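Notes follow once the structure below has been shown.
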Amino acid sequence: MPLAREESSPLFAGTAAGTLRLMFYLALAMVLMVLDHRNGWLWRLRYATAIVVEPVYRLASLPADGFHALSVAFADRRLLTEQNQRLREDLLLANAKLNRMAAVAEQNQRLKELLDTQHSLELHVQMARVIGVDMGASRHRMMINLGARDGIKSGQPVIDAHGVVGQIVEVLPNSALVMLVTDPDHAVPVMIQRTGLRTIAYGSRNSQQLSLPNVPMAADVHAGDKLLTSGLGGRFPQGFPVGEIGSVVPSASGMFLEAHAAPSADLDRADEVLVLHDLPEPAGPPPPAAPVGPPASEAPAPASTAALPHATVPGTPTTSARAAAAQTIGTPST
Numbered sequence: 001m002p003l004a005r006e007e008s009s010p011l012f013a014g015t016a017a018g019t020l021r022l023m024f025y026l027a028l029a030m031v032l033m034v035l036d037h038r039n040g041w042l043w044r045l046r047y048a049t050a051i052v053v054e055p056v057y058r059l060a061s062l063p064a065d066g067f068h069a070l071s072v073a074f075a076d077r078r079l080l081t082e083q084n085q086r087l088r089e090d091l092l093l094a095n096a097k098l099n100r101m102a103a104v105a106e107q108n109q110r111l112k113e114l115l116d117t118q119h120s121l122e123l124h125v126q127m128a129r130v131i132g133v134d135m136g137a138s139r140h141r142m143m144i145n146l147g148a149r150d151g152i153k154s155g156q157p158v159i160d161a162h163g164v165v166g167q168i169v170e171v172l173p174n175s176a177l178v179m180l181v182t183d184p185d186h187a188v189p190v191m192i193q194r195t196g197l198r199t200i201a202y203g204s205r206n207s208q209q210l211s212l213p214n215v216p217m218a219a220d221v222h223a224g225d226k227l228l229t230s231g232l233g234g235r236f237p238q239g240f241p242v243g244e245i246g247s248v249v250p251s252a253s254g255m256f257l258e259a260h261a262a263p264s265a266d267l268d269r270a271d272e273v274l275v276l277h278d279l280p281e282p283a284g285p286p287p288p289a290a291p292v293g294p295p296a297s298e299a300p301a302p303a304s305t306a307a308l309p310h311a312t313v314p315g316t317p318t319t320s321a322r323a324a325a326a327q328t329i330g331t332p333s334t
């Protein structure tokens, strides 16, 4: 049975025709290399072909480039979001620290003012921290962290670096209740610094105002006058700032002037206050003087001897001597 003839013959067959074809191709290749080397024809052909083929390459790589660009964009967005979140947290933390530092600086300034006040007054004071404030409509009170165990007593004045805060009305073992000067039940004797006029400043239902309802019609009182403690009554020492008059109007009865003043103390911002321990002596009549006379050993002579005005009893001092002794006893020893 004859074998089936191959439909296609190899390029270079082992015949004479195949050998001639090989030699032709080799000669053509050498000619092309020589021409390319001398004239650069093939480079120009490749350059022209690249212009046509390059868009095809770009179009083929477009899906891969797009996917890469999207992944990079999403990665950058996520990175930027994380960095933005961290920066925002750092900014919030820095602001919190800055606010805390500002609060600490303000507190240090208030403490410095209190210490300066303590040194300038040269009084025995005790620093207390405010632990509670009640600024209701009917009462203005403040709770401090000192009590009976710290030597606090009812009636002691309380001040801050700017003026009178109030006085202690209730003492507990570890705390005390302070009635503020703006309390409706509080009154403090004051005098106007400019004129020396004495009157009484009462609290009002307004936490930022004091009332002076009994100012004489002919009194020289103007807005801006400073109010100081007068020292009357023996409760508050003299000379502490109480407030500043803001307005003066006739009273409802028309018999007096009514003045309104703003308190000098920072009642709504005070964190630390000073409790005074050195209270002034209560105002009142002086105590009776001690009796002055000769000692018992220098008592007058018996009646029989005293009846002789011109006689001198031996051992008995004369009138001038008794006067000198009395003067010596009445003079305090140094």
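The numbering of the sequence shown is UniProt numbering, which starts it at 1 and goes up by one.
We put the beta carbon where it would ideally sit given N, CA and C, even for glycine.
Being a predicted model, the structure only gives us computed values, none of them experimental.
Asked, Found
"Taking the alpha helix (DSSP H) that residue 124 falls in, what are its first and last residues?", "Unbroken run through residue 124: none, as it is neither H nor E."
"Let me know the secondary structure DSSP gives residue 220 once reduced to three states.", "coil"
"Quick check on DSSP: helix, strand or coil for residue 151?", "coil"
"Could you say which of 161, 132, 180, 137 lies nearest to residue 155 if we only look at CA atoms?", "180"
"Of all the options 255, 227, 258, which has the alpha carbon lying nearest to the alpha carbon of residue 244?", "227"
"I'd like the ranges of any alpha helix (DSSP H) spanning at least 4 consecutive residues and lying wholly in the segment 54 to 111.", "none"
"Residue ranges of each alpha helix (DSSP H) run of no fewer than 4 residues wholly in the segment 153 to 194, ordered along the chain?", "none"
"For residue 265 and residue 165, which I take to be in contact (beta-carbon distance under 8 Å), what is that distance rounded to the nearest angstrom?", "5 Å"
"If you measure between the beta carbons of residue 213 and residue 258, is that distance less than 8 Å?", "yes"
"List the endpoints of the continuous beta strand (DSSP E) containing residue 17.", "Element bounds for residue 17: not the beta strand (DSSP E) but the alpha helix (DSSP H), 16 to 39."
"Secondary structure at residue 234, three-state DSSP: helix, strand or coil?", "helix"
"Got a sec? Which residues, its chain only, sit under 6 Å from residue 232 by beta carbon, not counting five neighbours each side?", "189"
"Leaving out the 5 sequence neighbours to the left and right, which residues in its chain are closer than 7 Å to residue 173 when beta-carbon positions are compared?", "147, 148, 149"
"In angstroms, rounded to a whole number, what distance separates the CA positions of residue 248 and residue 274?", "31 Å"
"Determine which residues share a DSSP beta bridge with residue 247 and list them.", "260"
"Could you round the C-beta distance between residue 135 and residue 207 to whole angstroms and report it? I think they count as a contact, below 8 Å.", "5 Å"
"Measuring only the C-alpha atoms, how far is residue 263 from residue 182?", "8 Å"
"Return the chain-ordered list of same chain residues with a C-beta closer than 8 Å to the C-beta of residue 50, the five sequence neighbours on each side being excluded.", "none"
"By Cβ distance, which residues of its chain are closer than 8 Å to residue 242, with the 5 residues on each side in sequence left out?", "163, 164, 181, 188, 190, 201, 210, 227, 228, 229, 261, 263, 264"
"Helix, strand or coil for residue 50 per DSSP?", "helix"
"By how many angstroms is the C-alpha of residue 255 removed from the C-alpha of residue 221?", "15 Å"
"Based on the DSSP secondary-structure assignment, which residues constitute the bridge partners of residue 215?", "257"
"On the CB-based measure, 16 or more other CB atoms within 10 Å of its CB, does residue 142 come out buried or exposed?", "buried"
"For the beta strand (DSSP E) containing residue 203, list its first residue and its last residue.", "198 to 203"
"Taking buried to mean at least 16 other C-beta atoms within 10 Å of its own C-beta, is residue 17 buried or exposed?", "exposed"
"Identify every residue that forms a DSSP beta bridge with residue 128.", "273"
"May I ask you to report which of helix, strand or coil DSSP gives residue 146?", "coil"
"Answer with buried or exposed for residue 125, where buried requires no fewer than 16 other C-beta atoms within 10 angstroms of its C-beta.", "buried"
"When burial is assigned at 16 or more other CB atoms within 10 Å of the CB, is residue 171 buried or exposed?", "buried"
"Grab me the residues of residue 43's own chain with a C-beta within less than 6 Å of its C-beta, minus the 5 sequence neighbours each way, in chain order.", "none"
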